[in-house]
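Here is the structure we will look at, set down as C-alpha coordinates.
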Amino acid sequence: MHMKKFFSLLMLAISGFSVATAQQSQTETAAKTRVHQIVFQLTTDDTLAHKALMKQLNNITSVSPGTKIDVICHGPGLSMLMTKKTVVHDKLKDIQSRKSVRFYACEFSLKERNVNKEEIIPESGYVEAGIIAIVERQEQGWTYIKSGF
(Lines of atoms letter the chains of each structure in order from A and count residues from 1; the text may use other names and numbers.)
(Lines give C-alpha, C1' and ligand atoms only; values in the text may rest on other atoms or scores of the structure.)
Protein backbone atom coordinates (compact mmCIF):
# COMPACT_ATOMS: atom_id res chain seq x y z
CA MET A 1 0.00 0.00 0.00
CA HIS A 2 2.82 2.39 0.85
CA MET A 3 4.43 1.62 -2.47
CA LYS A 4 1.23 2.56 -4.32
CA LYS A 5 1.06 5.94 -2.53
CA PHE A 6 4.74 6.53 -3.25
CA PHE A 7 4.30 5.92 -6.98
CA SER A 8 1.18 8.09 -7.04
CA LEU A 9 3.03 10.96 -5.37
CA LEU A 10 6.02 10.46 -7.66
CA MET A 11 3.82 10.60 -10.77
CA LEU A 12 2.06 13.71 -9.46
CA ALA A 13 5.40 15.42 -8.83
CA ILE A 14 6.71 14.53 -12.29
CA SER A 15 3.57 15.78 -14.04
CA GLY A 16 3.66 19.02 -12.02
CA PHE A 17 7.30 19.56 -12.97
CA SER A 18 6.51 18.90 -16.65
CA VAL A 19 3.69 21.44 -16.66
CA ALA A 20 5.85 24.06 -14.92
CA THR A 21 8.70 23.48 -17.38
CA ALA A 22 6.34 23.76 -20.36
CA GLN A 23 4.83 27.00 -19.01
CA GLN A 24 8.28 28.49 -18.43
CA SER A 25 9.33 27.54 -21.95
CA GLN A 26 6.19 29.16 -23.41
CA THR A 27 6.80 32.32 -21.38
CA GLU A 28 10.42 32.54 -22.55
CA THR A 29 9.39 31.98 -26.18
CA ALA A 30 6.69 34.66 -25.94
CA ALA A 31 9.20 37.13 -24.46
CA LYS A 32 11.62 36.50 -27.31
CA THR A 33 9.00 36.86 -30.05
CA ARG A 34 7.21 39.88 -28.55
CA VAL A 35 8.11 43.17 -30.20
CA HIS A 36 9.24 45.60 -27.53
CA GLN A 37 9.34 49.37 -28.06
CA ILE A 38 11.81 51.31 -25.94
CA VAL A 39 12.59 55.02 -25.92
CA PHE A 40 15.86 56.03 -24.26
CA GLN A 41 16.43 59.59 -23.08
CA LEU A 42 20.07 60.74 -23.13
CA THR A 43 20.84 64.09 -21.49
CA THR A 44 24.47 63.70 -20.43
CA ASP A 45 27.76 64.43 -22.15
CA ASP A 46 29.48 61.77 -20.02
CA THR A 47 31.29 59.54 -22.51
CA LEU A 48 31.19 56.62 -20.05
CA ALA A 49 27.39 56.86 -20.15
CA HIS A 50 27.53 56.91 -23.96
CA LYS A 51 29.64 53.74 -23.98
CA ALA A 52 27.33 52.09 -21.45
CA LEU A 53 24.32 52.96 -23.62
CA MET A 54 25.96 51.32 -26.66
CA LYS A 55 26.54 48.19 -24.58
CA GLN A 56 22.91 48.17 -23.39
CA LEU A 57 21.63 48.62 -26.95
CA ASN A 58 23.87 45.80 -28.17
CA ASN A 59 22.63 43.52 -25.38
CA ILE A 60 18.97 44.31 -26.07
CA THR A 61 19.22 43.79 -29.82
CA SER A 62 21.18 40.55 -29.32
CA VAL A 63 18.58 39.02 -27.00
CA SER A 64 15.48 40.53 -28.62
CA PRO A 65 16.39 41.43 -32.22
CA GLY A 66 12.93 42.75 -33.14
CA THR A 67 12.93 45.37 -30.40
CA LYS A 68 12.27 48.87 -31.70
CA ILE A 69 14.50 51.43 -29.99
CA ASP A 70 14.58 55.21 -30.30
CA VAL A 71 17.33 57.15 -28.55
CA ILE A 72 16.42 60.82 -28.03
CA CYS A 73 19.45 63.01 -27.32
CA HIS A 74 18.95 66.51 -25.99
CA GLY A 75 20.76 69.03 -23.84
CA PRO A 76 24.31 67.87 -23.12
CA GLY A 77 23.37 64.46 -24.57
CA LEU A 78 23.73 65.94 -28.06
CA SER A 79 27.48 65.45 -27.77
CA MET A 80 27.04 61.73 -28.45
CA LEU A 81 25.72 62.64 -31.91
CA MET A 82 28.23 65.39 -32.70
CA THR A 83 30.87 64.40 -35.25
CA LYS A 84 33.73 66.10 -33.41
CA LYS A 85 32.72 65.04 -29.89
CA THR A 86 31.36 61.49 -30.12
CA VAL A 87 33.49 58.59 -28.92
CA VAL A 88 30.96 55.94 -29.98
CA HIS A 89 30.36 56.71 -33.66
CA ASP A 90 31.57 53.31 -34.93
CA LYS A 91 29.53 51.41 -32.34
CA LEU A 92 26.52 53.60 -33.06
CA LYS A 93 26.75 52.85 -36.81
CA ASP A 94 27.03 49.12 -36.11
CA ILE A 95 24.03 49.10 -33.78
CA GLN A 96 21.95 51.26 -36.10
CA SER A 97 22.69 48.92 -39.02
CA ARG A 98 20.33 46.45 -37.34
CA LYS A 99 17.49 48.71 -38.54
CA SER A 100 15.50 48.63 -35.31
CA VAL A 101 17.54 51.31 -33.50
CA ARG A 102 17.23 55.00 -34.37
CA PHE A 103 19.01 58.02 -32.92
CA TYR A 104 17.51 61.52 -32.79
CA ALA A 105 18.89 64.97 -31.99
CA CYS A 106 16.58 67.57 -30.45
CA GLU A 107 16.30 70.66 -32.67
CA PHE A 108 15.59 72.93 -29.67
CA SER A 109 18.86 71.75 -28.11
CA LEU A 110 20.70 72.35 -31.38
CA LYS A 111 19.50 75.97 -31.42
CA GLU A 112 20.18 76.47 -27.71
CA ARG A 113 23.74 75.19 -28.08
CA ASN A 114 24.41 76.87 -31.46
CA VAL A 115 25.04 73.53 -33.14
CA ASN A 116 24.39 73.20 -36.88
CA LYS A 117 22.92 70.02 -38.34
CA GLU A 118 26.14 69.64 -40.35
CA GLU A 119 27.90 68.98 -37.02
CA ILE A 120 25.64 66.01 -36.27
CA ILE A 121 26.56 62.53 -37.49
CA PRO A 122 24.68 61.57 -40.67
CA GLU A 123 23.08 58.52 -39.01
CA SER A 124 21.00 60.78 -36.77
CA GLY A 125 17.44 61.89 -37.32
CA TYR A 126 15.84 64.95 -35.75
CA VAL A 127 12.91 65.70 -33.48
CA GLU A 128 11.59 69.20 -32.92
CA ALA A 129 11.46 68.83 -29.14
CA GLY A 130 13.11 65.94 -27.32
CA ILE A 131 10.74 65.84 -24.36
CA ILE A 132 7.65 65.96 -26.58
CA ALA A 133 9.04 63.14 -28.75
CA ILE A 134 9.54 61.02 -25.63
CA VAL A 135 6.05 61.80 -24.32
CA GLU A 136 4.47 60.93 -27.68
CA ARG A 137 6.18 57.54 -27.71
CA GLN A 138 5.08 56.85 -24.15
CA GLU A 139 1.50 57.72 -25.14
CA GLN A 140 1.83 55.09 -27.89
CA GLY A 141 2.85 52.46 -25.32
CA TRP A 142 6.64 52.65 -25.57
CA THR A 143 8.71 51.88 -22.48
CA TYR A 144 10.78 54.83 -21.19
CA ILE A 145 14.34 54.43 -19.94
CA LYS A 146 16.57 57.28 -18.78
CA SER A 147 20.11 56.62 -19.93
CA GLY A 148 23.15 57.61 -17.92
CA PHE A 149 24.35 57.26 -14.38
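In the numbering used here, the protein residues as written are 218 to 366. Think of the CB as a built atom: it goes at the ideal place given N, C-alpha and C, for glycine as much as any other residue.
Review point. Going by C-alpha distance, which of K328, I362 and E356 is nearest A346?
Key: Within the sequence shown, numbered from 1, the residue matching residue 346 stands at position 129. Of the listed residues, the one whose Cα sits closest to A346 is K328.
Check your understanding: Does DSSP classify I362 as helix, strand or coil?
Key -> In the sequence shown, counting from the first residue as 1, residue 362 sits at position 145. It is a strand residue.
Practice item. Mind reading off the beta-carbon distance from V252 to K285? Whole number of angstroms is fine, and I expect it under 8 Å. Key: What you label residue 252 is simply residue 35 of the sequence shown in a count that begins at 1. What you label residue 285 is simply residue 68 of the sequence shown in a count that begins at 1. In this structure, V252 and K285 form a Cβ contact; the two beta carbons are roughly 7 Å apart against a cut-off of 8 Å.
Check your understanding: Can you list, in chain order, the residues of its chain whose CB lies under 8 Å from that of V344, leaving out five sequence neighbours each side?
Key -> Along the sequence shown, read from residue 1 onward, the residue named residue 344 stands at position 127. Excluding residues up to 5 positions away in sequence, I289, Y321, A322, C323, E324 and A350 lie with their Cβ nearer than 8 Å to the Cβ of V344 in the same chain.
**Study point:** Where D307 falls: helix, strand or coil (DSSP)
**Key:** The residue given as residue 307 occupies position 90 in the sequence shown. Helix.
Point to revise | Spatial neighbours of T261 in its chain, beta-carbon cut-off 7 Å, leaving aside the 5 residues before and after | key: Indexing the sequence shown from 1 puts residue 261 at position 44. The answer, listed in chain order, is P293, G294 and G365.
**Study point:** Alpha carbon of P339 to alpha carbon of S296, nearest angstrom
**Key:** Counted from its first residue, the sequence shown places residue 339 at position 122. Counted from its first residue, the sequence shown places residue 296 at position 79. For P339 and S296, the gap between their C-alpha atoms comes out near 14 Å.
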